[in-house]
Each structure stands twice: as structure tokens, then as C-alpha cells.
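Beneath this line is the structure, given in C-alpha cells, with notes to follow.
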Amino acid sequence: MGQVIRMDSNEAPVRELIELLHQGAPADEFARRLADVDAWPVASPGRSEMVETVRMAMAVRNRLELQQERERGLLAVIESAQDLSSRLDLQGLLSAIVSRARNLLGSDLAWLSTYEADPDEFHVLVVDGALKQSTSAMVARRDRGVAGLVMSTRLPFTTPDYLADTRFAHDSRLDDAFREEGIAALVGVPLIWNGDVIGFLFVADRYHRMHTAQSISILCTLATHGAVALKNARDFEGVSAALARADESRAELERHLRNIQAAADAHEQIMSLLARGASLATLCQSMAELLRGSVLVLDEAAVMVSKGSASGYASDAMNRYAPHAEHSADLMRAMRVSRESGRSVVAFEAAGETCRVMAVIGGDDILGSALLFHRDGLEEVAIRTFERSASVIGVVLLSQQRMEATRNRNASALLRSLVSPRQDDPALLANRAEQHGIDLARPVSLVLVEMDGARAGYAARRFGSLTPLAQALTDDIDGVLVVLCAASRAADVRQTVATWIEQELRCGHRGVVSRPVSAPAEIPALYATLRRALGVLGRMGVHGQILGQDELAIYSTLFETHDRASLANFLDASIGPLLTHDRKRGSELAATLLAYFDCNQNAKTTGQRLGIHVNTVRQRLASIEDLVGHWGQASRALELHIALRLWSLSGPA
Numbered sequence: 001m002g003q004v005i006r007m008d009s010n011e012a013p014v015r016e017l018i019e020l021l022h023q024g025a026p027a028d029e030f031a032r033r034l035a036d037v038d039a040w041p042v043a044s045p046g047r048s049e050m051v052e053t054v055r056m057a058m059a060v061r062n063r064l065e066l067q068q069e070r071e072r073g074l075l076a077v078i079e080s081a082q083d084l085s086s087r088l089d090l091q092g093l094l095s096a097i098v099s100r101a102r103n104l105l106g107s108d109l110a111w112l113s114t115y116e117a118d119p120d121e122f123h124v125l126v127v128d129g130a131l132k133q134s135t136s137a138m139v140a141r142r143d144r145g146v147a148g149l150v151m152s153t154r155l156p157f158t159t160p161d162y163l164a165d166t167r168f169a170h171d172s173r174l175d176d177a178f179r180e181e182g183i184a185a186l187v188g189v190p191l192i193w194n195g196d197v198i199g200f201l202f203v204a205d206r207y208h209r210m211h212t213a214q215s216i217s218i219l220c221t222l223a224t225h226g227a228v229a230l231k232n233a234r235d236f237e238g239v240s241a242a243l244a245r246a247d248e249s250r251a252e253l254e255r256h257l258r259n260i261q262a263a264a265d266a267h268e269q270i271m272s273l274l275a276r277g278a279s280l281a282t283l284c285q286s287m288a289e290l291l292r293g294s295v296l297v298l299d300e301a302a303v304m305v306s307k308g309s310a311s312g313y314a315s316d317a318m319n320r321y322a323p324h325a326e327h328s329a330d331l332m333r334a335m336r337v338s339r340e341s342g343r344s345v346v347a348f349e350a351a352g353e354t355c356r357v358m359a360v361i362g363g364d365d366i367l368g369s370a371l372l373f374h375r376d377g378l379e380e381v382a383i384r385t386f387e388r389s390a391s392v393i394g395v396v397l398l399s400q401q402r403m404e405a406t407r408n409r410n411a412s413a414l415l416r417s418l419v420s421p422r423q424d425d426p427a428l429l430a431n432r433a434e435q436h437g438i439d440l441a442r443p444v445s446l447v448l449v450e451m452d453g454a455r456a457g458y459a460a461r462r463f464g465s466l467t468p469l470a471q472a473l474t475d476d477i478d479g480v481l482v483v484l485c486a487a488s489r490a491a492d493v494r495q496t497v498a499t500w501i502e503q504e505l506r507c508g509h510r511g512v513v514s515r516p517v518s519a520p521a522e523i524p525a526l527y528a529t530l531r532r533a534l535g536v537l538g539r540m541g542v543h544g545q546i547l548g549q550d551e552l553a554i555y556s557t558l559f560e561t562h563d564r565a566s567l568a569n570f571l572d573a574s575i576g577p578l579l580t581h582d583r584k585r586g587s588e589l590a591a592t593l594l595a596y597f598d599c600n601q602n603a604k605t606t607g608q609r610l611g612i613h614v615n616t617v618r619q620r621l622a623s624i625e626d627l628v629g630h631w632g633q634a635s636r637a638l639e640l641h642i643a644l645r646l647w648s649l650s651g652p653a
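Going by UniProt numbering, the sequence shown opens with residue 1, and the numbers climb by one from there.
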């Protein structure tokens, strides 16, 4: 039989207490019930039992609340652990941890700070519940505020009134941020990994409040999860960086292997062209295509020999190239450095284009240079390809020089035999000359040119390609350029040689063109006479002119044995005052007197030649007579005329 429960007068209040427990009523409701029971008359039946019943109900309610709090904390920990194992987004994971910490403690705001070693500070990474933007930018120094205290103890910290707490050194900037946000109570726990504090988890309220040990314990667990998340993220970043570096290394290795293969293919292509006897122009074009630029080959005098450009590549710098143009000094410097180092050198950059120079060397001699024009940066393998290709160009240039030397050897031997006092048989000489397009039965002329800087050998090699010298014998004999040609072509040869030297070599020179000779036997004596005439020109100070033999006849006779100092003394004694007057006043008295003598002392003809009025000529002649005296005597006129002619040949001012 079941037990019969006896219901008395307290049944209704007890039932109400059970309903309150079932509804999860707040503690205030139970406190009100206890106050109501305490107000019963002392003699009321069951009063004491009812008071005890209400107190037991309040205890049950507190235990239920504590149990629920523990359940919420455990649930927060479980959810955080689940996030930790399933979420890869660090920012999202930390935001969830901060939000759970704030909700678990029922606080106004929460944030998580991480330690940055370089500035030695803690910076806010995630914040939840903040009202001010400055809260997200809070920075805590390691030796100030709660950070310094927790760093030293490695323990949680709580305070009901942060701004009034004197247990630590305050940071004025951090205090200002707390005042702006209205923060009063604060609890903070460290994020620890391997004994190092790597961050903080803070929960704050805008009123004075204390937290239970259980809440702080759960907060510490969440902080541990945050530390694990940060460490995992950093490890993941490290692994990702290592993988990225590995990928970069692999890509670099693959690129390097491709470059090596490309370099090998390029070398094979160039060597194949060389083996097939390809022309220099073909080699330049192949190099330009391989290097995606323009290639220019120069000889030892910086004169263009060949060039090539890749398809679609237009090089303004190459098209504007000239031996003595804007960047000639840069090219000379780069050539010198390239020869010393054996490597290519960047000469200059202009209009987005780079010019790289490689000296082309054959034995101990400079054969020329290779210039590469490009717009994009060159990798080391491409530079090596250019340098190896320049070596191939050197082989071609050297081969061409040897072929030219072989072709010209017979011509050189013939020319030397013709100017030698011990000539070969005339018939044999005539046959050999005919093979070179020269008819010794007709009048011939000699041209001798002396150049500064020992350029005669180079000029002799280069003149073989010039049209007016195609049917002429050209050679370097004892440092002097010697050309033998038909007398009818002597004027063209003279002009061609002078123009080429001025435009290409730009060096000092002086020369003489012989009068025609009809027999080969006359050539040795003529050659000896012209060699002496060159000496006279040097002593006279002539430069930049190639004169006719007849123009020099009288001077060779008069001054062949004189040195330059004696010639200068002769000029000073005869027309010195005249030259001094012109130099000081910028007048043209010397040129006027020379023209007067050349015009047979006719003032009218002199004025027409000079483009001035005859009266002006007479006025100048009067001034000249005051300076050098009267020239009425034939001997005095001849002396002045010779002096003026000598002055004009040596380059009048």
C-alpha cells in the first residue's frame, strides 16, 4: 500500500516555492517569500517549519544557479574547443572566444591583446562590446598597467576599480582610453605558451564588480584556447611560409634549368652558324633574336661593321649611333673596363634602353666591340650568352682580317716592290698590277698620308671597301698610308681619304699627292721625294690637309733641312708684325696681302676674290706697308709671298 501524504495548511506556500524553482525565478522572489513568512505571528502553527522550507528552497535555487553557471562555462569551453579543432580562421576563432568570455561573465565588453616583440608592446587584436574606436587601438606597454603585473606573476588579475587601483604603475594613454570607454571593473588572464606570455584576455564592466573564482577559472581555460589558437596560427604561418619558400626555390630551380637549357641551345645555334661559315650579319641577327634586342658590331676604330635587330624591336639608340656621338665617352669607358675584366659592362642608359658593351679580343689585340641594346633587365644566363656570342664574333672578325690580309698580301707586295729602288722585272710588275685593275702603261700617282696615333694600318685595311680605292694599291709602309692609283683618279682618292679620316678617325693628319709619272721606274724616286715632303709638312706644322706635290716644291727646296723652330723664326722676321696685328685686332691683313700677291698685285682682282671693295683693299695695303715696309723690290715681294704661303699651309688663324 502507498504512503498517504498528509496535506496541512502550509501546502499552498510549499507548492508556490516548487513552482518558483521550476520557473527559475530570481533570488529576489525567494527573498520576498522569506520576508512574508518571517512576518507571520510567532504563534502561527508551522511558522518555523515554513521558514526552514523557504531557506531550503533558496539553497536549492542557488545550487541550481551555480550548476547552470558551471554548465554554461563548460558549454563555452566545449564550443571553444570545437572551434579550435575545426576553424582555420584565426580572427574568427579569437572573436568567438572573446564573445563567449563576455557573455559567460555577463560583462559589458571584452578584448584580446597579443604581444609584439619588436616594439615590446601588447596590441588589441579582437574586441567585443566596445563603444569607442580608441578601444580597438589600445596599446599596453610591457612595464605598465595590468600587463606588467601579470607578466611578473603569470596569474589572473581582477580589480573592481581599475583607475583607482594602486597595485601597478599606470599608463596615462591607457587610462585615458579606459575613461573614454567608461571602464571600471576589469579581470584579465594571460595567454601562456611554453612559459611565455603571448597575450591577454580581458573582460571589463562599466561599474564596480567582483568575479567568482569559477568565472576566472573558466576565463583561464578560454585564454588557454586562445593561446593554442595563436600558436597554431603562427606555426601554420611558419609552415605556409616554408612551403612558399620551397615553391619559390623549386620555381627558381626550374627557371634556372630552363635558362641553362636556353643558353645551351643558343650556344649550339651560334656555333652551328659559325661552323657553316655564316656571315657576320647573320650572326648579329641570330644574337638579336636570342637576346630580344639589337646587336651592333664595331671595329677597333668604333666604326660600325654589322648590326641586327630582333623582330618587332626598334632601337633608337642603335639607329642614332655614330663613332663620335653623344655617348662615345661612355662607350670608351665601358670598352676599357670590359677589356680589363673580360666581362660585358653597361655603358649607358637612354630613353628606357640599356646599352651593354663587350670587348672583342683576338690574341693581344682589340678587334672591336659588340653592343647589345635592350629594354628589359637581363638575367645572368642571358648576359653569359651575349658574352659567349661576342667571342664567336671575335672569331669571325679575326677570320675576316686574315682573309683580307691574304687577299691584300699580293697587293702589298706589289706596292712595296714598285716603291723599292730594286724593282722587279717591268713586265712582271705590269702583269701583277693588271690583276689589281692598274695599268702601268698609263700615268699613275702616289698619295702619302701621315696620321697621328699610328692609324695607318687600320686605314689600309678599311680602304679596301671604299669605292674610289677599289682599283688602287693601298698599304701601311713604315707608319705611312701609301696609295698608288691611276693619275686620272688621284683627285677622287685624295678627297676620299681626307673625308674618311675627318669623319671616321677624327685625328690629325697631313699628306701629299704626287704629280703623274708615266713609267714605273720613276716611282721609287717619286716615293722618296714624297717621304721628304711629309717631313717638311710636319716641320711646317701643317695638319688636316693633303697637298699637291707642286704646291710643296718650293718649300721642300727651301726648308727641307730646317726644323720647325727655324721656320717659326723665318715667319716672325718676315711677317711677324702683320700676324701680331691680326691676332690682337681680329683683322685680316695677312690674308689680304696673300690674296694680293696671288692676284699678281692687282687690287681690283683682290677685292673681287675677297668680296670687298677695291678701296678697302687699298686701305689695308697701306696699313700693311706701315707694318712690314715697302715690297716694291722683287726679292722683298718673293720673301713676303713665301712667308705668307708657308703661314697659310700651317693653318692661318
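Quick reminder that beta carbons are idealized off the backbone N, C-alpha and C, glycines included.
*asked:* Among the candidates T53, R55, V60, R47, whose CA atom is the shortest distance from the CA of Q23?
replied: V60
_Proximity winner among Q619, W647, V513, relative to L526 (alpha-carbon distances)_ = Ranked by Cα distance from L526, the options Q619, W647, V513 are led by V513.
*K132: buried (16+ other C-beta within 10 angstroms of its C-beta) or exposed?*
exposed
*What's the gap between the Cα of L20 and the Cα of E29?*
8 Å
_Any 3 or more C-beta pairs closer than 8 Å across the stretch 159-166 and the stretch 116-131_ = no
*What is the rounded straight-line gap between the Cα of residue 672 and the Cα of R609?*
Residue 672 cannot be examined here, being either before or after the span of the chain that is shown, 1 to 653.
_As an exercise, report each continuous beta strand (DSSP E) stretch of at least 3 residues that is fully enclosed by the stretch 243-306, in chain order._
294-299
_Please state the DSSP three-state secondary structure of L378._
coil
*Determine the extent of the beta strand (DSSP E) in which M358 is found, giving its start and end residues.*
353-362
*What is the rounded straight-line gap between the Cα of V628 and the Cα of L331?*
52 Å
*Specify the secondary structure class of residue 679 as computed by DSSP and reduced to three states.*
In the structure as shown, the chain begins at 1 and stops at 653. Residue 679 is therefore absent and cannot be evaluated.
*Measuring CA to CA, which of G106, V139, R102 is closest to S113?*
Closest by alpha carbon: V139.
*Okay, do the stretch 296-303 and the stretch 368-379 touch, 3+ Cβ pairs below 8 Å being the bar?*
yes
*Expressed to the nearest angstrom, what Euclidean distance is found between the alpha-carbon atoms of C284 and S306?*
Note on geometry: alpha-carbon atoms of C284 and S306 lie some 7 Å from one another.
*Beta carbon of L191 nearer than 8 Å to that of V203*: no
*So what does DSSP say about H327, is it helix, strand or coil?*
Looking at H327 - three-state DSSP - the assignment turns out to be coil, as it is neither helix nor strand.
_In whole angstroms, give me the CA-to-CA distance for I642 and R636._
In a straight line, the C-alpha of I642 is about 10 Å away from that of R636.
*Less than 8 Å separating the beta-carbons of R102 and D120?*
no
*How would you write the range of the alpha helix (DSSP H) that Q608 sits in, first residue to last?*
For Q608, the enclosing alpha helix (DSSP H) stretches over residues 603-610.
*Could you give the DSSP three-state label for Q545: helix, strand or coil?*
strand
*asked:* Among the candidates L257, L94, F463, whose CA atom is the shortest distance from the CA of G226?
replied: L94
*Taking the CB atoms as reference points, tell me whether R206 and D108 lie closer together than 8 Å.*
yes
*Would you tell me roughly how many angstroms separate the C-alpha atoms of V480 and P443, rounded to the nearest one?*
22 Å
*asked:* If you follow the beta strand (DSSP E) that W128 is in, where does it begin and where does it stop?
replied: According to the sequence shown, residue 128 is Asp rather than Trp. Here the beta strand (DSSP E) through D128 covers 121-128.
*Give the secondary structure of T166 by DSSP, where H, G and I count as helix, E and B as strand, and everything else as coil.*
coil
*Thinking C-beta only, is F168 closer than 8 Å to L149?*
yes
_Residue burial classification, A12 (beta-carbon count within 10 angstroms, cutoff 16)_ = exposed
*asked:* Using a Cβ-Cβ cutoff of less than 7 Å, which residues in the same chain neighbour M358 once the five nearest sequence positions on both sides are dropped?
replied: S338, S344, S369, A370, F386, E387, A390
*For E349, which residues does DSSP report across the bridge?*
T354
*Excluding sequence positions up to five away, which residues of its chain have a Cβ less than 6 Å from the Cβ of A459?*
L481
*Can you have a look at A329 and say buried or exposed, based on whether 16 or more other CB atoms are within 10 angstroms of its CB?*
Answer is exposed; the Cβ neighbour count stays below 16.
*State the Cα-Cα distance for the pair V228 and R250, rounded to the nearest angstrom.*
If I take the Cα positions, the gap works out to 32 Å.
*Hey, out of I477, A472, E504, D476, whose CA is closest to A491's CA?*
A472
*At a cut of 8 Å, does the stretch 516-526 reach the stretch 421-430 through at least three beta carbon pairs?*
As far as the Cβ criterion goes, the stretch 516-526 touches the stretch 421-430, which means the pair count is three or higher.
*So, are the CB atoms of W631 and A590 less than 8 Å apart?*
Contact flag unset, no.
_If distances are taken between C-alpha atoms only, which option among M304, V360, E181, V392 comes closest to P286?_
Inspection of the sequence shows that residue 286 is occupied by Ser rather than by Pro. If we check each option's Cα against that of S286, V392 comes out closest.
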